[in-house]
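*Asks:* Sharing a structure, written as structure tokens. Questions coming.
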Amino acid sequence: MEPCLASDGYKQIMPYDLYHPLPRWESSPWTACSTSCGGGIQSRSVSCVEEDMQGTITPAEEWKCLYSPKTAILQPCNTFDCPTWLAQEWSPCTVTCGQGLRYRVVLCIDHRGLHAGGCNPTTKPHIKEECLVTVPCYKSIDTLPVEAKPVWHKQAIELEEEITVTEEPTFIPGPWQPCSKTCGSGTQHRTVKCQVLLSFSQTVADLPDDECEGVKPATSQPCYRTPCSGVSGRRQESKKEGEEEEEEEEEEEGGETPEREELHDWEYEGFTECSESCGGGVQEAVVICLNKQTREAADQSLCVSSRRPPQLLQDCKTQPCPPRWETGEWSSCSATCGVGLMTRTVACTHRPSRDSNRTEVLRDEDCQNPKPSPVQACNRFDCPPMWDTPDWGQCSQSCGGGVQRRQILCKQRLADGSILELPDTFCPSKSPANQQPCAKRECPPHWVTTDWSQCSVTCGNGIQTLQTICRKHREDGRFWTIEPKNCSLIARPTRIRPCSLRLCENSLKPEPTILAQRKVYIQWRKGKKLQLLVGGYGYLLPWTTVVLRCPTRHFRKGHIRWLKEGKPLVSRPHLSITPQGYVKIQQVRASDAGIYTCIAGQAQEHFVLQIIGSKQKLSVPESWLLTDRQQKVGQPDVASTGERFQELPISLNQYDNVVEHLLELKGSVQDEKDITGKPHSSEKNRSTLEDERASAEFSSPVVLIADTHRLDEIMKNLSEGLGGPREEQLIAQLLSELTMTQGESNDSTLHPPESAESSTQGPLLYKPKVHTTRPRNPVIIQRPRKVGAAPPSDMLVHVGMPALLQKPVASLEFRCEALGNPEPSLTWTKNGKELLYNSRVGLLPTGSLRIQSPSKVDEGLYTCTARNRLGYTSLSSWLQITSGKGRSCNSMGANGPLCSERRNSSQSAELCHGQGCPLRWRVDPWSPCSATCGGGSQTRIVRCMRGPEGRSREMESQHCLDTGRRPSDSRVCNLLPCARWATTSWGLCHGQCVGPSLATQHRHVYCQNTNGTKVPYRMCSGLHRPSSLKNCSTEGCALHWHVGPWTQCTATCGRHGFQSRQVTCAHRRTGKATREHHCMWRPRPPSWQRCNILSCGRAGECRDSTRYCEKVRQLELCPLPQFKSRCCHSCRNT
């Protein structure tokens, strides 16, 4: 039995095969065989095709069909032998004395041994010949023997000889003309032409006779029809008296048909079929009248009846009949689906003789193998899915009305005998009940527990008792409370539990506290996930995932409450509060900015979250303003920061100014790095460069973490009026500290431990080397420069700081210290090009660069690059050499004004005083952004100023070009795209039917920006999404299930009886059937159902319930569950 059959039942659960057939090999019909016998070949073409849902067949690539073998394109044919002539034995001579004739039958026998024709007529042996009986006849010598003529075979060859025109010149004889005489010997003529076949036109052309080779056939020959009447008279006179009567009869017939004697003659044409197939029979030779010239059968009246050959009989099939298998009719199938059995009688029989009509039944061994099968499988296709109903389970109640349940499953019996469990939608819509009422008798009264009593104490720990009542269950299902004495025979349940209302006044419990950290988090580059602690401020890039934690003591994390802007925090699709008390924000956006408050008991802490790039300033919520109207929004309250941080409201925008300066400095550094690599490239804004360099920034920290007291100190210095270069130096120094600290502790920043208490990792700033086992990217240590230290004769500058030489020095060393694992290698470039070393400019063993006696030619941007297999990083210093005349730019005065020499370096600051270095750039604040989303622009005024602060005046821009690159006067802002939902037009109304005359039609809904470009769905997550589906009316839904009558049940008892009916999807008006999935909008009526579900015997009895069990055992079907259960007795030992 094959396990998988491509039958209709199987395809019902394989919708892919039903609606999308696999590509298949398609073959053309075989060509005609090259020969009619003796073995030839025939061919066909085979191609790979695929069929779509409309039934259209199209060619496909061959590889699509290679899952199955390609069918043959050549095969042998007509391999049987060609038919041959077979001559039978000669008959006895027709006379008893003298010269006569004898006959034989010549048959054309094919490879099957049948007389079927097809032999070459020119090679046929002759069927009659003269014979001589040695007994003399005592006749006159001149008497002609019967049929004394030339050998018939020779005449036949001459008559049948035919020459056809070929491409070689050939003599072609025409047909013979009639004989010149009607009796006696005459002459007949014919035309003989030299002809050739012209192949290109397929026409015949006449040629001169000398063009043809060989002997030209005769154009005339003697002929003889019948003897003339005079000759016949002479023969009659010479005959003896005793033979006159016989001769007269012959002459009478010959006189009637004088011209038919020679043209037509009798001939044997095979034998009739044998009268018996075995045991001995007879067959008779068939005699026909033959035209000698055309070799075609003619009407028997054209031949002389007196010359008809004698009837020849021969024995045939003389061998005795062997025993043979005799089979009866097949019975009906035992099952209508899954797999059933059909049986028939097969017996070995023998008929003793031909004359006997009785047959004997012999042993099977007496007949030849193989024995025809008495049983065969039938209906080997999958049954339709049906509900499987097991026995009912135990009742849920022993009295008072309960419910008993059973599990109803949709199952299908497959063609291999296995049972497949399917979803309920595959079975007929109405499933059998899976529960029913039971145990409806009335219950006795019983105790029922109700509520707990009040706690036994008013404070501290006490107990509660479970209260009980006596209750009776009525027949109608309702409960009835009765007197407790009715339940006195039953033990009354008693249950006690501890309770605790509140702490008594004399008990002490520590107050919950929140372990807040006064930190400011500034996201420096994009990262996967950031974990922040309450108590500080966060400035984050949009679309970053944030976990905001609130570590507590003496308080359960699950009871932590969160507020935003003083109101309870509500979960949204991208924002959730975890059971551990964390706030998790997926892909933070501008709407998430605000004040988050963590409340643990009486303790509470705040966290201010702001989004980088958003120009909206945070404001204190109205509910907070009511409590404290003296606090100004955004006004830094430096003196009371530490004390008032716990109070409401907190300072919202206190550190915005410092963070903005840090981000501007970051953009400046990136701009200068970009200028170094591409000196002539146009200026790019900070946000664009951030994306471009994301891959190269893996060595920089994800988040900068600053203590609030450090930022308060910076803000205090800035508020004292130190503007311009001094302000830039303070910000640059802060950035250097934060970058170095976070570069070493970046991992703990992203995922801090549960009880992390932040502390500044100061010593890491000066570690020359860190021994670490894990691989890490290279990082260059950037030393802060001590302002006010006088340069010695041998000047040392740490890379990253500018070098301004105002008087000659003996040597200048650019020190470059790098960390990494593996240890990075150091290379130097000048102005973006490889540095050429000589006797004056060379490398030290540490990798630092030393320049002996630096001069004007050495000015430029020196870049140190540290590189290992994990990546690289670089840091630059600008070297500028001035003559010192007329200016006193040195670093001796600690309180003097700063002169900023920003030469493509982010931190270029030197102290100067007097009128020596007064030229500088001054920038105004940025204007508001021109757009709220989708990318706007900001501008600011950049001036070239001269003179000390307070008395400076504006100059032409070209005067300040020597002091450094002109700051940017425009930048883009609010880059988050403006997006909205957009839809395509509605599609055709040919979707799946959902009701009578009701289908669905679809359209595509997508998120796009104002330019019409598709963007991710998250950009439109806050907007109402239009529907992509709606109902419509279509003619295709005017379909319904058409059902036929039920068939007879396949069994009279047991659980295996089925009856079926035809269920088709048809059009209501035309009745035309169509594919079933068009009617699936309403439940499909069942096409199969169980019937006659009656027990066939006692439960647990092992017996056979069908008469086919012996055949089941012979076919080795016992391992299949459905046969083993029905043939329990026969299959018990298998």
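Heads up: the sequence shown runs through residues 1 to 1134, numbered per full-length UniProt numbering.
Glycine included, C-beta positions come from ideal geometry on N, C-alpha and C.
Please name the residue or residues paired with residue 1144 in a DSSP beta bridge.
*Replies:* This structure does not reach residue 1144, given that the chain is present from 1 up to 1134, and the question cannot be answered.
*Asks:* What first and last residue would you give for the beta strand (DSSP E) that runs through V620?
*Replies:* Run containing V620: none; DSSP gives neither H nor E here.
*Asks:* By Cβ distance below 7 Å, which residues in the same chain neighbour H446 in space, the five residues on each side in sequence not counted?
*Replies:* Correct list, in chain order: R471, C487 and I490.
*Asks:* Using only the alpha-carbon positions, how far apart do I780 and W828 sit?
*Replies:* Going by the C-alpha atoms only, they are around 13 Å apart.
*Asks:* Quick check on the burial criterion: 16 or more other C-beta atoms within 10 angstroms. Buried or exposed for L540?
*Replies:* When all chains shown are included, L540 counts as buried.
*Asks:* By Cβ distance, which residues of its chain are closer than 6 Å to Q376, with the 5 residues on each side in sequence left out?
*Replies:* Excluding sequence neighbours, Q376 sits near M342.
*Asks:* In this structure, does DSSP put G100 in helix, strand or coil?
*Replies:* G100: strand per DSSP, three-state reduction.
*Asks:* Counting only the same chain and skipping the five closest in sequence on each side, list residues whose C-beta sits under 6 Å from that of Q88.
*Replies:* If we look at Q88 and ignore the five residues flanking it on each side, its Cβ neighbours are R104 and V105.
*Asks:* P824 and R867: beta carbons closer than 8 Å?
*Replies:* Taking 8 Å as the Cβ cut-off, P824 and R867 qualify as a contacting pair.
*Asks:* Cα-Cα, which of C289, N1009, S855 and S1087 is closest to L805?
*Replies:* When only C-alpha atoms are compared, the closest one is S855.
*Asks:* Using a 10 Å radius around the Cβ and a threshold of 16 neighbouring Cβ atoms, would you call C1079 buried or exposed?
*Replies:* When all chains shown are included, C1079 counts as buried.
*Asks:* If you drop the 5 nearest sequence neighbours on each side, which residues of the same chain put their C-beta closer than 7 Å to that of T134?
*Replies:* Within the same chain, T134 has no close Cβ partners at all.
*Asks:* What does a CB cutoff of less than 7 Å around C1020 pick up in its chain, not counting 5 residues either side in sequence?
*Replies:* Cβ within range, chain order: A979, R980, W981 and C1007.
*Asks:* Cα separation between R774 and R589?
*Replies:* Rounded to whole angstroms, R774 to R589 spans 35 Å at the Cα level.
*Asks:* Let me know if I496 comes out buried or exposed under the rule of 16 or more other beta-carbons within 10 Å of its beta-carbon.
*Replies:* I496 is exposed by the Cβ-count criterion.
*Asks:* Give me whichever residues DSSP pairs with L843 in a beta bridge.
*Replies:* Answer is L849.
*Asks:* Tell me whether the beta-carbon of G536 lies closer than 8 Å to the beta-carbon of V520.
*Replies:* In contact: G536 and V520 (Cβ atoms closer than 8 Å).
*Asks:* According to DSSP, is G558 part of a helix, a strand, or is it coil?
*Replies:* Residue state, collapsed to three classes: helix.
*Asks:* Between the alpha carbons of L1039 and C1032, how many angstroms are there, rounded?
*Replies:* Taking the straight line joining both Cα atoms gives about 15 Å.
*Asks:* Taking just the CA atoms, how far does K564 sit from I595?
*Replies:* Their Cα atoms are separated by approximately 6 Å.
*Asks:* Are the beta-carbon atoms belonging to Q42 and T31 less than 8 Å from one another?
*Replies:* Result yes, Cβ atoms of Q42 and T31 sit closer than 8 Å.
*Asks:* For D206, which residues in the same chain have their Cβ closer than 8 Å to its Cβ, ignoring the five residues on either side in sequence?
*Replies:* These residues qualify, in order along the chain: K193, C194 and Q195.
*Asks:* Using the Cβ count rule (16 or more neighbours within 10 Å means buried), how would you classify C65?
*Replies:* Buried: at least 16 other Cβ atoms inside 10 Å.
*Asks:* Cβ atoms of P512 and H554: under 8 Å apart, would you say?
*Replies:* In this structure, P512 lies closer than 8 Å to H554 by Cβ.
*Asks:* Could you tell me if F814 is buried or exposed, where buried requires 16 or more neighbouring beta carbons within 10 angstroms of its beta carbon?
*Replies:* Result: buried.
*Asks:* At which residues does the alpha helix (DSSP H) containing M715 begin and terminate?
*Replies:* T708 to S719 is the extent of the alpha helix (DSSP H) around M715.
*Asks:* Pick from N657, L665, L663 and W330: whose alpha carbon is nearest that of L711?
*Replies:* Out of N657, L665, L663 and W330, N657 has the C-alpha closest to the C-alpha of L711.
*Asks:* Is the beta carbon of C179 less than 8 Å from the beta carbon of C223?
*Replies:* Going by C-beta atoms, C179 is nearer than 8 Å to C223.
*Asks:* Per DSSP, T552 forms a beta bridge with which residues?
*Replies:* BP columns for T552 point to I514.
*Asks:* In three-state terms, what does DSSP make of N1031?
*Replies:* In the structure shown, N1031 sits in a strand (DSSP, three-state: E or B).
*Asks:* From this set, Q314, E267, E329 and I714, which residue's C-alpha is nearest V304's C-alpha?
*Replies:* Checking every option, the nearest Cα to that of V304 belongs to E267.
*Asks:* Give me the Cα-Cα distance between N461 and C504, rounded to the nearest whole angstrom.
*Replies:* Their backbone Cα atoms lie some 9 Å apart in a straight line.
*Asks:* Following the continuous beta strand (DSSP E) through F814, name the residue where it begins and the one where it ends.
*Replies:* First-last of the beta strand (DSSP E) with F814: S811 to R815.
*Asks:* Would you decide whether S900 is buried or exposed? Buried here means 16 or more other CB atoms lie within 10 Å of its CB.
*Replies:* Here S900 scores only 35 on pLDDT, less than 50, and its place in the model should not be relied on; the value that follows carries that caveat. S900 comes out buried.
*Asks:* I need the straight-line Cα distance from S591 to R572, nearest angstrom please.
*Replies:* Straight-line Cα distance between these residues: approximately 12 Å.
*Asks:* How would you call residue 1136, buried or exposed, if buried means at least 16 neighbouring beta carbons within 10 angstroms?
*Replies:* The question about residue 1136 has no answer here: the residues shown for the chain are numbered 1 through 1134.
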